[in-house]
Amino acid sequence: MAETVLETHGLTMRFGGVVASNNVDFKLRARELRCLIGPNGAGKSTFFKCVAGLQTPTEGEIYMRGVETTRWMPHQVAASGVGIKTQTPNVMDSLSVFENIWLAARRFHDPKDANRKTQDIIERLALGSIAKDDLGRLAHGERQRVELGLVAVGDPWLVLLDEPAAGMSAEDVERMTRIIHEMNKTAAIIIVEHDMQFIRSIAKMVTVFHQGEVLMEDHVDRVMSDPTVRNVYLGKKN
Amino acid sequence: MQGSLSNDAIKIILITGFLIWVMPLMISTYTLTILIVYGMLGLSLGLIWGFGGILCFGQAAFFGLGAYTYAIAAINVGESTAPMILAVLVPAGFAALLGAMMFYGRLNDVYLGVITLVVTLILFKFINSTAGPQYVIGNARLGGFNGIPGFQTLNIPGSPEAYIWGDSYFYVCAVLLAVVFFLVSALLRSSFGRIAVGIRENETRMSLMGYDVRARKTALFAVGAAIAGLAGALFANWAEILTPSLFSLGQSAEIIIWCIVGGLGTRMGPVLGAAGLAYLKFLLGQQSAVDNTLITGLILVLFVLFLPKGVVPAVAGLWKVSFGRRPLGRTHHQRRPRNRERVSG
Chain B
1 MAETVLETHG LTMRFGGVVA SNNVDFKLRA RELRCLIGPN GAGKSTFFKC VAGLQTPTEG
61 EIYMRGVETT RWMPHQVAAS GVGIKTQTPN VMDSLSVFEN IWLAARRFHD PKDANRKTQD
121 IIERLALGSI AKDDLGRLAH GERQRVELGL VAVGDPWLVL LDEPAAGMSA EDVERMTRII
181 HEMNKTAAII IVEHDMQFIR SIAKMVTVFH QGEVLMEDHV DRVMSDPTVR NVYLGKKN
Chain D
1 MQGSLSNDAI KIILITGFLI WVMPLMISTY TLTILIVYGM LGLSLGLIWG FGGILCFGQA
61 AFFGLGAYTY AIAAINVGES TAPMILAVLV PAGFAALLGA MMFYGRLNDV YLGVITLVVT
121 LILFKFINST AGPQYVIGNA RLGGFNGIPG FQTLNIPGSP EAYIWGDSYF YVCAVLLAVV
181 FFLVSALLRS SFGRIAVGIR ENETRMSLMG YDVRARKTAL FAVGAAIAGL AGALFANWAE
241 ILTPSLFSLG QSAEIIIWCI VGGLGTRMGP VLGAAGLAYL KFLLGQQSAV DNTLITGLIL
301 VLFVLFLPKG VVPAVAGLWK VSFGRRPLGR THHQRRPRNR ERVSG
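Same order as they appear, the protein sequences are chains B and D. Counting with UniProt numbering, you get residues 1 to 238 for the letters of the first sequence. Counting with UniProt numbering, you get residues 1 to 345 for the letters of the second sequence.
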């Protein structure tokens, strides 16, 4: 059994009277691929932001590879080798594809190695033909792919992806799935996702969030056929 | 940026050499010196605003601080070398503290503008109120609204009697501007500069890639202040008297206008904008038919409306369209439709 790389104990996040995330205990092992699903407002994104350091939880602790990271800033989390992709495309629009990826690579390598790593990723993600173009001019799918490149170039051991398939064409999603699988060879991955079809194609273990809590955690097939989960998604009370 | 740093160096040397030769034939070196000083001041804001995305309303504060530091130190030391160095270090240190407070406090752009503006005002008010004899630093009286006259001006390092003034002071300023311009170019080509541009583009993304945005913005802010401080010291040597109006709001606003008119995100733009507008102000100052702040304001409005990117990017764009080489290996018609799509969509 592989070591645990991410663990949360009693993670709670309150916004005023609203409990967005309630007492979440979560464990992730090395090189595991985990999908977080749940209806809107279920607390998946809040959980994601707490882990990424974008929000500080009200209560509870987060441990990464045995180190407590609860109050870390995003740049500290990222610098420790965690690749993060937020829900909305977050890229440097007026810079070229190469420059975008180079900046990500430069954080972990000296300039020469960063050049090499960047070329490497550009080839792997088939971005060669647009490497010199400004990111702002590219199509949504291409931008998403570049952002995945930014994440991959740092050789992360943990990757957090918030809705990577949102708004992408079937072809783009397929390509994205291949990239994710490749990253998964060396990194544990958490994917927050709405798109059920995408989840079916990629997930093994799924954690279902509902009203800030973990509703169930099981293999994707069992989760999909579970009547409670279906009710939650259709908005019925059980 | 295109080309290499050694290319930059050659260009800077050639252009500086040419301008040093040609410009004095048209404008007196005394006037040119102040245009150079303002050019350097423009460059300081152009660096942190155009490349770092930090809109500082108080660049005049660092300029004034540099000038006052120079004057006070020069009176106490009686020689100009150490005061010149202090005039760079003191504003840089002050900016590092102020910047750390603002960036670590995660203030957004609006508050950053407000705070830098208020700091300028505080300095203005403070210096204005130091006319009394109790406001003394060493042998130097701050002088309040009367200003500080009669300090040691620039001399050849080590020999206080050998003043550098007139034409030779002009050459010193021109070479210093060229050196600073080269250093800024080197900075922008370095990892530090490229990361700063990345932060300008998207702070969240850069911090999610592991960069400590706060520390980097503070550092860049201090570099900008150091350049403004040097410009301030050069100004002090040119003017030979300092008054609190250096810290005035008008001065701060002017620097911002220079950058907008010259072109943000370029190195040359703010320098040209500063020199050009300062010269225009000088010419307008010789007549009394129109108030020159009116003209400056009008120019700003016209630029924002019709040439929002500024002179240098517009000219560069025109140059590219007319004479630019088509890049090899990238077919042009492949990119064109995308442009059209963007326009129609």
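In this text, a Cβ means the ideal position worked out from N, Cα and C, and glycines have one as well. Predicted model only: the values in this text are computed from it and were never measured.
Rounded separation between residue i and residue j - CA only
i, j, result
"Ser-45 (chain B)", "Val-51 (chain B)", "10 angstroms"
"Val-97 (chain B)", "Asp-134 (chain B)", "6 angstroms"
"Glu-182 (chain B)", "Val-173 (chain B)", "14 angstroms"
"Pro-74 (chain B)", "Ala-215 (chain D)", "14 angstroms"
"Asp-93 (chain B)", "Ser-28 (chain D)", "45 angstroms"
"Ala-187 (chain B)", "Phe-47 (chain B)", "19 angstroms"
"Gly-64 (chain D)", "Gln-76 (chain B)", "37 angstroms"
"Ala-248 (chain D)", "Phe-124 (chain D)", "First, the amino acid is wrong: residue 248 (chain D) is Ser here, not Ala. Approximately 6 angstroms between the Cα atoms of the pair."
"Cys-173 (chain D)", "Gly-285 (chain D)", "24 angstroms"
"Pro-156 (chain B)", "Tyr-111 (chain D)", "36 angstroms"
"Pro-244 (chain D)", "Gly-149 (chain B)", "52 angstroms"
"Phe-57 (chain D)", "Leu-45 (chain D)", "9 angstroms"
"Pro-337 (chain D)", "Ala-165 (chain B)", "At Pro-337 (chain D), the pLDDT of 43 sits below 50, so the modelled position is not reliable and the matter cannot be decided from this model."
"Val-232 (chain B)", "Gly-141 (chain B)", "30 angstroms"
"Arg-205 (chain D)", "Ser-6 (chain D)", "32 angstroms"
"Thr-296 (chain D)", "Trp-165 (chain D)", "30 angstroms"
"Ile-199 (chain B)", "Ala-222 (chain D)", "48 angstroms"
"Leu-128 (chain D)", "Leu-89 (chain D)", "According to the sequence provided, residue 128 (chain D) is Asn. The question's Leu does not apply to it. Looking at the two C-alpha atoms, the distance is approximately 23 angstroms."
"Gly-105 (chain D)", "Leu-318 (chain D)", "42 angstroms"
"Val-151 (chain B)", "Ser-191 (chain D)", "19 angstroms"
"Tyr-163 (chain D)", "Ala-316 (chain D)", "41 angstroms"
"Gln-287 (chain D)", "Tyr-30 (chain D)", "20 angstroms"
"Arg-106 (chain B)", "Val-312 (chain D)", "30 angstroms"
Rounded Cβ spacing between residue i and residue j (contact assumed at less than 8 angstroms)
i, j, result
"Leu-28 (chain B)", "Ile-190 (chain B)", "7 angstroms"
"Leu-6 (chain B)", "Leu-158 (chain B)", "6 angstroms"
"Ile-255 (chain D)", "Gln-59 (chain D)", "5 angstroms"
"Leu-283 (chain D)", "Ala-87 (chain D)", "Not a contact, Cβ separation roughly 29 angstroms."
"Ser-80 (chain D)", "Ala-71 (chain D)", "The pair is not a contact, with the Cβ atoms about 11 angstroms apart (cut-off 8 angstroms)."
"Gly-232 (chain D)", "Gly-66 (chain D)", "3 angstroms"
"Gly-154 (chain B)", "Phe-108 (chain B)", "5 angstroms"
Contacts that residue i makes with chain B (C-beta to C-beta distance below 7 angstroms)
i, result
"Arg-205 (chain D)", "Asn-90, Val-91, Met-92"
"Tyr-211 (chain D)", "His-75, Arg-107"
"Ser-191 (chain D)", "Arg-106, Pro-111"
"Glu-201 (chain D)", "Met-92, Asp-93, Ser-94, Leu-95"
Partners in chain D for residue i, counting only beta-carbon separations shorter than 8 angstroms
i, result
"Ala-152 (chain B)", "Within 8 angstroms Cβ-Cβ: nothing; Ala-152 (chain B) doesn't reach chain D, min ~12 angstroms."
"Ile-84 (chain B)", "Leu-208"
"Leu-161 (chain B)", "Within chain D, no residue comes near Leu-161 (chain B); the closest Cβ sits about 12 angstroms away, beyond 8 angstroms."
Residues that DSSP places opposite residue i in a beta bridge
i, result
"Ile-241 (chain D)", "D:Pro-149"
"Cys-35 (chain B)", "B:Ile-191, B:Val-206"
"Met-209 (chain D)", "Answer is none; Met-209 (chain D) lacks a bridge partner."
"Asn-155 (chain D)", "D:Tyr-163"
"Leu-246 (chain D)", "Note: Leu-246 (chain D) sits in no beta bridge, so no partner."
"Met-216 (chain B)", "B:Val-208"
"Asp-162 (chain B)", "B:Val-192"
"Lys-27 (chain B)", "B:Glu-7"
"Lys-85 (chain B)", "B:Leu-161"
"Leu-63 (chain B)", "According to the sequence shown, residue 63 (chain B) is Tyr rather than Leu. DSSP output for Tyr-63 (chain B) lists B:Glu-7, B:Glu-68 as bridge partner(s)."
"Ile-137 (chain D)", "D:Ala-140"
"Thr-12 (chain B)", "B:Glu-59"
Chain D contact for residue i (CB, 8 angstroms cutoff)
i, result
"His-140 (chain B)", "no"
"Leu-103 (chain B)", "yes"
"Ala-78 (chain B)", "yes"
"Val-229 (chain B)", "no"
"Asn-238 (chain B)", "Low per-residue confidence applies at Asn-238 (chain B): pLDDT is 45, beneath 50, and the placement is therefore not dependable enough to give any value."
"Leu-95 (chain B)", "yes"
Under 7 angstroms from the C-beta of residue i: neighbouring residues of chain D
i, result
"Leu-109 (chain B)", "Before going further, note that residue 109 (chain B) is His rather than Leu in the sequence given. Result: empty, since nearest Cβ-Cβ is about 10 angstroms, beyond 7 angstroms."
Within-8 angstroms CB hit, residue i to chain B
i, result
"Asn-108 (chain D)", "no"
"Met-101 (chain D)", "no"
"residue 356 (chain D)", "Nothing in the structure corresponds to residue 356 (chain D), since chain D is present only between 1 and 345."
"Arg-267 (chain D)", "no"
"Ile-195 (chain D)", "yes"
"Gly-263 (chain D)", "no"
"Gly-39 (chain D)", "no"
"Gly-310 (chain D)", "no"
"Gly-198 (chain D)", "yes"
Interface partners of residue i on chain B, CB under 8 angstroms
i, result
"Ile-54 (chain D)", "Near Ile-54 (chain D) there are no residues of chain B at all, since even the closest Cβ is about 16 angstroms away, more than 8 angstroms."
"Ile-48 (chain D)", "Ordered by position in chain B, no residue passes the 8 angstroms Cβ test against Ile-48 (chain D), which lies about 17 angstroms from the chain."
"Gly-158 (chain D)", "The contacting residues do not exist; Gly-158 (chain D) stays about 39 angstroms from chain B at best."
Proximal residues of chain B, C-beta to C-beta of residue i below 9 angstroms
i, result
"Trp-113 (chain D)", "Note on residue identity: the sequence assigns Gly, not Trp, to residue 113 (chain D). Ordered by position in chain B, no residue passes the 9 angstroms Cβ test against Gly-113 (chain D), which lies about 22 angstroms from the chain."
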